[in-house]
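K.L.:
Just so you know, the sequence shown maps onto residues 22 to 280 in the numbering used here.
Cβ coordinates follow ideal geometry from the N, Cα and C atoms, glycine included.
Everything numeric in this text was worked out from a predicted model, so none of it was measured.
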Amino acid sequence: MTTIPALRVGPVRVHDLDFRAAAEEVLRLAEAEAGERSVVVTPNGQHLDLLRTSANLRKAYESAELVLPDGWPVVLAMKWRGATAGVRVTGADLLPALCAKAAERGVPVGFLGGMPGVAARAAERLAQQHPGLKVELVHSPPVGFERDERECRRLAEVVADSGARLLFLGLGAPKQEDLAHRWLRASGPGVSVCVGAAIDFVVGEQVRAPKIWQDLGMEWAYRMLGDPRRLVGRYARTMPVILRVLGEAGADRVLRRTR
Numbered sequence: 022m023t024t025i026p027a028l029r030v031g032p033v034r035v036h037d038l039d040f041r042a043a044a045e046e047v048l049r050l051a052e053a054e055a056g057e058r059s060v061v062v063t064p065n066g067q068h069l070d071l072l073r074t075s076a077n078l079r080k081a082y083e084s085a086e087l088v089l090p091d092g093w094p095v096v097l098a099m100k101w102r103g104a105t106a107g108v109r110v111t112g113a114d115l116l117p118a119l120c121a122k123a124a125e126r127g128v129p130v131g132f133l134g135g136m137p138g139v140a141a142r143a144a145e146r147l148a149q150q151h152p153g154l155k156v157e158l159v160h161s162p163p164v165g166f167e168r169d170e171r172e173c174r175r176l177a178e179v180v181a182d183s184g185a186r187l188l189f190l191g192l193g194a195p196k197q198e199d200l201a202h203r204w205l206r207a208s209g210p211g212v213s214v215c216v217g218a219a220i221d222f223v224v225g226e227q228v229r230a231p232k233i234w235q236d237l238g239m240e241w242a243y244r245m246l247g248d249p250r251r252l253v254g255r256y257a258r259t260m261p262v263i264l265r266v267l268g269e270a271g272a273d274r275v276l277r278r279t280r
């Protein structure tokens, strides 16, 4: 098995792959013939903040088979540390791209997350866009599921019984990562891909920033302007963490140049 290059960003190592290679690696995990269900996580600035306080999230990240850079701060830190690819591989972009490939290769998929009905609408739309897509699971867990071990165990059984090999989790961090690591590994083979709001984006339940905002690294600002009451406080907490991580990467870059 080829070792995937990775770079340290704050407390985690992030894999340095371009989008096509990252998608192919996810599909390789989905098509594994045996073993436990793998985990794919997609760090952004908020995750860097949550990793300081959430032991469960740290464990999920430490054991994840694939860690792909979702946020611009993560990508920038990687570039300053010598990344070869140095590109965003977001859950929002991975979901439709992987569904297209899954339809071609006959990989059964599942959608876990969103408010009631959202995942079903997203699955229907993606099946229309990608004829041949085999959707084996659509489920929206009840609010507070992460605090109920019986419910988490039931979710793992639902996933195992479904036969979905490529499972998209849109439950928000750190719930989706913790569920994937602690409960869904035993439901494999296959892979759990933590994609955050990507399921909502498919049906417009949440609106993604226009591409120009994405290219400028300002997708977070677009989202904050659209929902300031919920997001201003989050980004205020996250910004110092991001600046510290970028500072560490920048100092490392300067040190390497002066050697």
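1. Out of 256, 185 and 125, which has the shortest C-alpha to C-alpha gap to residue 133?
2. Any heavy atom of the ligand SAM within a distance shorter than 8 Å of the CB on residue 274?
3. Roughly how many whole angstroms lie between the Cα atoms of residue 75 and residue 68?
4. At what residues does the alpha helix (DSSP H) containing residue 254 begin and finish?
5. Report yes or no: do three or more beta-carbon pairs, one from the stretch 93-107 and one from the stretch 121-131, lie closer than 8 Å?
6. Do you know how far the Cα of residue 121 is from the Cα of residue 130?
7. Buried or exposed: which applies to residue 182, given that a residue is buried once 16 or more other Cβ atoms fall within 10 Å of its Cβ?
8. Chain D beta carbons: is any one of them nearer than 9 Å to that of residue 213?
9. Give the range of the beta strand (DSSP E) segment to which residue 157 is assigned.
10. Is DSSP giving residue 134 helix, strand or coil here?
11. At the level of alpha carbons, what is the spacing between residue 81 and residue 90?
12. Drop a sphere of 10 angstroms on the beta-carbon of residue 277, count the other beta-carbons inside from all chains shown, and report buried for 16 or more, exposed for fewer.
13. Flag this pair as touching only if the stretch 45-61 and the stretch 224-238 have three or more C-beta atom pairs under 8 Å; answer yes or no.
14. If you run the structure through DSSP and keep just helix, strand and coil, what is residue 36?
15. Can you list, in chain order, the stretches of the alpha helix (DSSP H) that have 4 or more residues and sit fully within the stretch 68-127?
16. If the criterion is Cβ atoms closer than 9 Å, does the pair residue 219 and residue 191 meet it?
P.N.:
Let me lay it out:
1. A check of alpha carbon separations from residue 133 across 256, 185 and 125 identifies 185 as the nearest.
2. Absence of the ligand SAM from the depicted structure is noted, as is the absence of any ligand whatsoever, leaving it without description.
3. The alpha-carbon atoms of residue 75 and residue 68 are separated by roughly 10 Å.
4. Start and end: 249-279.
5. The stretch 93-107 is not in contact with the stretch 121-131.
6. For residue 130 and residue 121, the distance between alpha carbons rounds to 11 Å.
7. Exposed, since its Cβ has fewer than 16 Cβ neighbours within 10 Å.
8. Protein chains in the displayed structure number just one, and chain D is not present.
9. Unbroken beta strand (DSSP E) run through residue 157: 156-160.
10. Strand.
11. About 15 Å.
12. So residue 277 ends up on the exposed side.
13. Taking 8 Å as the limit for Cβ pairs, the verdict is that the stretch 224-238 does not touch the stretch 45-61.
14. Correct three-state label for residue 36: strand.
15. 76-84, 93-101 and 112-126, all fully within the stretch 68-127.
16. Residue 219 places its beta carbon less than 9 Å from that of residue 191.
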